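These protein sequence lines map, in sequence, to chains A, B, C and D.
Quick note on numbering: my numbering labels position 108 of the first sequence as 108, and the sequence is numbered without any gaps.
Position in the second sequence (first residue = 1) + 286 = my numbering.
Position in the third sequence (first residue = 1) + 572 = my numbering.
Position in the fourth sequence (first residue = 1) + 858 = my numbering.
Protein chains: 4
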Amino acid sequence: MNTSILLCACPDRPGVVARVTSFLHTYGANLVHADHHADLSEKVSFLRLEWETEGFSLDPSGFRAAFSPIADSMGMTWSVHHSDAQTKVGILVSAQDHCLVDLLHRFSTGELDGSCVFIAGNHEAPSAFAKHYGVGWTTLESKAGDDDTKRRSEQKILELCREHDVGLLVLARYMQVLTGRFLSQTTFPTLNIHHSFLPAFKGGRPYHQAWERGVKVIGATAHYVTEDLDEGPIVAQDVARVSHRDTVDDLVRKGRDLEKLVLARAVRLHLSHRVLRHRHRTVVFD
Amino acid sequence: MNTSILLCACPDRPGVVARVTSFLHTYGANLVHADHHADLSEKVSFLRLEWETEGFSLDPSGFRAAFSPIADSMGMTWSVHHSDAQTKVGILVSAQDHCLVDLLHRFSTGELDGSCVFIAGNHEAPSAFAKHYGVGWTTLESKAGDDDTKRRSEQKILELCREHDVGLLVLARYMQVLTGRFLSQTTFPTLNIHHSFLPAFKGGRPYHQAWERGVKVIGATAHYVTEDLDEGPIVAQDVARVSHRDTVDDLVRKGRDLEKLVLARAVRLHLSHRVLRHRHRTVVFD
Amino acid sequence: MNTSILLCACPDRPGVVARVTSFLHTYGANLVHADHHADLSEKVSFLRLEWETEGFSLDPSGFRAAFSPIADSMGMTWSVHHSDAQTKVGILVSAQDHCLVDLLHRFSTGELDGSCVFIAGNHEAPSAFAKHYGVGWTTLESKAGDDDTKRRSEQKILELCREHDVGLLVLARYMQVLTGRFLSQTTFPTLNIHHSFLPAFKGGRPYHQAWERGVKVIGATAHYVTEDLDEGPIVAQDVARVSHRDTVDDLVRKGRDLEKLVLARAVRLHLSHRVLRHRHRTVVFD
Amino acid sequence: MNTSILLCACPDRPGVVARVTSFLHTYGANLVHADHHADLSEKVSFLRLEWETEGFSLDPSGFRAAFSPIADSMGMTWSVHHSDAQTKVGILVSAQDHCLVDLLHRFSTGELDGSCVFIAGNHEAPSAFAKHYGVGWTTLESKAGDDDTKRRSEQKILELCREHDVGLLVLARYMQVLTGRFLSQTTFPTLNIHHSFLPAFKGGRPYHQAWERGVKVIGATAHYVTEDLDEGPIVAQDVARVSHRDTVDDLVRKGRDLEKLVLARAVRLHLSHRVLRHRHRTVVFD
């Protein structure tokens, strides 16, 4: 079943759900999912509506023409998506390939509503998996502290994204910090996996930090990338139990499973158009 | 903020959400929560709408008069609830009082949208907590295998429920099976906590069964009571890790915490009108 | 079954387990539990041995005389405990009583290897529960920013601890920071429950901080109190899922259940002599 | 660091830990891990001891000669393992390859103390991964209800196991039931992943069963295979939350992640010699 999905956010006011669902009904939409969230402290309404594409009488340009006046009258920001238009995804990776391998397998089985169109990384090893799954691979230069190298790498990534018409960039344990210069040129969101339970243990070597502090639970966090390192809106988090028996290596090992699951969950939620960002937080209609 | 809540179920068809939200909007409802679920395999739509009571122009009888024709035209079953009309709750208990004590504290702090109006049990010990919280206590007769005693006890429970106008009966580790005769006379739902992860370990001594089987996780299940023992629709479940170190007594101890949490969660969900039953399953809008 | 428990820590070296278990065997100990942990990075061995008291031929003073030379030769710190010598526990509380009520019920059912000997608090309300469970209550003065009042309150707490021969002090959501002056005079450990997943959200209003950051999981942490606020060795932590639907009040409500469970777990582990502290971390033999 | 590991089980009696650790100490063992469990209801002691191989003066045959008389005198069953002797693992698979792909990546990164020596399956598709990782692949015949085909397939599996000197056989979603005839000829244990929380939903189509019952949590179980289908000793279990929104397909998708994690955990525990079987239960020293 093909479906269309409308995501909306607008200042909280009476009649939002009624107006939008009546609009859809007028054009023959059969809803399969409707979720509405009013954030009473922020006074903002969020809405996700999903309906069967078959039987709906507006095509994309017709939809825009008919819906824009209604949306504008309510001060609404919105986007509409179609389940048969798979988002194109680019993946960046460094030496550790567990998240990449996990995502590639999920793409290959159709679990994710998108397709991986390129992989780039600053270590060669993961290229074998790109080849196995038939996805193009690009090696990125990296040299610690060298801004010229970084500029060239980021330029290369931007070119790949434009060439492949990327709708989502995923940092699958890509250990280079993206600059504000780069982010300001992107027209698509970027998802990152941080290997700690943010906001605990920001920055480098979070498992070492966690071991030092003697925590009994470790975590992983998938978030949109913003210019503030490890401060972007969180999409998914999960945790695992640890004990005094666990060395730093054990934390790293347990953490790998968390990272894979949490990043895959965030990518899936994003690709099925279930995430709305509002300031530095997210609404996740799962 | 006082709110009104509408719960609906009807055969799946286009326009359900639009018609109901438009109806509410006509009378000035400001929605704070709207959730819709279409069960595509059962072809049934479920809807929960919550709006501010202030500003809504229909009183309860006006609502019924205005909404019934719409609901009837869609083959809808529905109920409407008001957050200032606290549900009256009766609790049954046996020798183990941990769930009772937990619920009474939650009622006393206002965490649950209801009030406990009577407690009855076939062991005397828990009566001290009834007294502490100022709730009436009734001792029930029980004699293993004696049907006359059971009939008298159940008759007494029914009288208490009618006298107190009970809207929910909670079995807080009440270890007597309620008969079909009793259940057929109730006009309110009954929630039970079973001390296993149903459908595993039905019936008696589930922790002993779990220990014997050598499981690595134990659970608890809150469900509506039906004539089929331990087969009613499940509202909430949760689990805890166990290991070879845990004796049956340890499972019982860990299980008590699960039972408290799972029963309290189910009672809270029910009292905030978030649970819809459909055949032997539930829709939980949490 | 009465048991004796030996907790040891010593520099890592061959033969530690053999020497200690052989010593115990010589005097007729029948082990029911032996656990050993070598922290290879710190080069320290930790040991917990539990045996049936019946049949063991050394009384406490005999044990000390016989074991001390062995322990000294290995540079070992150690303590021995007996399951029939219940630890006396004092509890401090403020306005929120959920952890207190939870602990008192657990003490009353014998779930914890100890007894509550006094409760003191800077709000009157929880005194009703002290009375219900027959435990003495003391009201503590508190005045924001007044050091004299704080000195008198802490003096009062110390007196209560001495008078009742307290072996453990529990801060059950006691919202006053204990001073270094106070802590330097205690001869017993103090356990605190912090309502966040430390080290995230230290200090005040952690649920507000968590809501602001938009986390998808909240937590609670039980730790020993040291002069560094919220930096003491962690004994237990747990988490719960939250979503965009949860307001700060919902986080507070969900957090209460976490706080109860995590503090109770830490108190139980401590009272059953399963926790060893080493620098700012813990070894928990559960 | 290379280590040696001794696993023991014997009737419960005083002095077991002292005798075994003293024996090891005599020959220069430096323990890095010692764990003892006395099952008081079964009156059996279980012991896992791990020590640095360097500095230990007995070679394997010397160990057997020196330790056997001690073990025999205590009625002990035992086995000794060396961390540098990697167990050879065979994997069987059907159409679904997610567990296979997950295990192969873990073997390739050195996360598991063993190596995969052959893969066999009754569907061709997974052979591409065997090739990618350089492991030999064998296609097995399968024809529903045909005993001759089954006999030939099982004969082929036995030959592969013997040829490769397999120490563990893993059923990574292999959907054929192994016969008693086959199991009676194996000299190595076989681990299976069942896609439910056993003992709930034994047999076929457990996710469909779970959906029908309306459970709020699904699970996966890794267990040793015995002649009684889905009744073998459980090594690991885990669960995931589900809701009314989840279709059977969603349960299958969420279940895949559980299956991968739970099977990988069980394989890791087995390969690091942390699992002792006793009748139909396990002791897992993790």
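A virtual CB, placed ideally from N, CA and C, is assigned to each residue, including glycine.
Please read all numbers here as calculations on a predicted model, not as lab measurements.
Beta-carbon contacts of A988 of chain D that lie in its chain and below 6 Å, excluding the five residues immediately before and after
I977, W995
Note down, one range per segment and in chain order, each alpha helix (DSSP H) of at least 4 residues found wholly within the segment 460-514 of chain B.
466-469, 492-499
Among A:V262, A:T282, A:L271, which has the Cα closest to the Cα of H98 of chain A?
A:V262
Under a CB-based cut-off of 8 Å, is Q1095 of chain D close to chain B?
yes
Hey, V503 of chain B and V521 of chain B are a contact pair by Cβ (cut 8 Å); roughly how many whole angstroms apart?
Wrong, their Cβ atoms sit about 20 Å apart, outside the cutoff.
Residues in the same chain with beta-carbon distance under 6 Å from G933 of chain D, minus the five sequence neighbours each way, listed in chain order, please.
C868, P869
With H, G and I counted as helix, E and B as strand and the rest as coil, what does DSSP make of H883 of chain D?
helix
To the nearest angstrom, how far is the alpha carbon of S272 of chain A from that of H25 of chain A?
22 Å
What are the boundary residues of the alpha helix (DSSP H) that includes P641 of chain C?
632-645
Report buried or exposed for G204 of chain A, applying the criterion of at least 16 other Cβ atoms within 10 angstroms of its Cβ.
exposed
If contacts are defined as beta-carbon pairs under 8 Å, then H450 of chain B and E545 of chain B qualify, I think. What distance do you get, rounded to the angstrom?
About 25 Å; that fails the 8 Å criterion.
When you check each C-beta in the segment 869-884 of chain D against every C-beta of chain B, which residues fall closer than 7 Å?
none
Where D720 of chain C and A836 of chain C are concerned, what is the direct C-alpha to C-alpha distance, given to the nearest angstrom?
32 Å
Starting from the beta carbon of D1104 of chain D, find every residue of chain C whose beta carbon is closer than 8 Å, and list them in chain order.
Within 8 Å Cβ-Cβ: nothing; D1104 of chain D doesn't reach chain C, min ~15 Å.
Under 8 Å, Cβ to Cβ, is there at least one residue of chain D near S529 of chain B?
yes
Where does H605 of chain C sit, in a helix, a strand or coil, going by DSSP?
strand
I want to see whether chain B comes within less than 8 Å of A35 of chain A, judged by CB atoms only; does it?
Checking the sequence shown, residue 35 of chain A turns out to be Asp, not Ala. Output row for D35 of chain A: interface = yes.
Nearest-angstrom Cα separation, counted from H36 of chain A out to A125 of chain A:
45 Å
With DSSP run on the structure shown, which of helix, strand or coil describes D451 of chain B?
coil
Taking Cβ positions only, does H766 of chain C come closer than 8 Å to chain A?
no
Span separating the alpha-carbon of Q668 of chain C from that of D829 of chain C:
13 Å
Could you tell me the alpha carbon to alpha carbon distance between G255 of chain A and G979 of chain D, rounded to whole angstroms?
31 Å
Considering only their Cβ atoms, is the gap separating L958 of chain D from R964 of chain D smaller than 8 Å?
no
Proximity winner among B:V303, B:P485, B:G518, B:F332, relative to L464 of chain B (alpha-carbon distances)
B:G518
What residues are listed by DSSP as bridge partners for I1092 of chain D?
D:H1081
Report the residue from C:S655, C:S645, C:V616, C:E614 whose alpha carbon sits nearest the alpha carbon of P632 of chain C.
C:S655
Reduced DSSP category for F628 of chain C - H, G, I as helix; E, B as strand; rest coil
coil
On the criterion of 16 or more Cβ atoms from any shown chain inside 10 Å, does E726 of chain C qualify as buried, or is it exposed?
buried
Pick from A:G214, A:K202, A:V166 that is closest to T87 of chain A, judged by C-alpha positions:
A:V166
Could you pull out every unbroken beta strand (DSSP E) segment of at least 3 residues lying fully inside the segment 685-713 of chain C, listed in chain order?
686-693, 709-711
Anything in the segment 188-218 of chain A with a Cβ closer than 7 Å to a Cβ of chain C? List those residues in chain order, please.
F197, P199, A200, R213, G214, V215, K216, V217
Could you check which residue in A:Y207, A:A222, A:M175 has the C-alpha nearest to that of P189 of chain A?
A:A222
Would you please verify whether the beta carbon of H556 of chain B is less than 8 Å from any beta carbon of chain D?
no
Classification of H780 of chain C by the beta-carbon crowding that lies within 10 angstroms, buried from 16 upward
exposed
May I ask which residues mark the beginning and end of the alpha helix (DSSP H) holding K289 of chain A?
Residue 289 of chain A lies beyond the range of chain A shown here (1 to 286); nothing can be said about it.
Sort C:L619, C:R585, C:S645, C:L823 by Cα distance to L848 of chain C and report the nearest one.
C:L619
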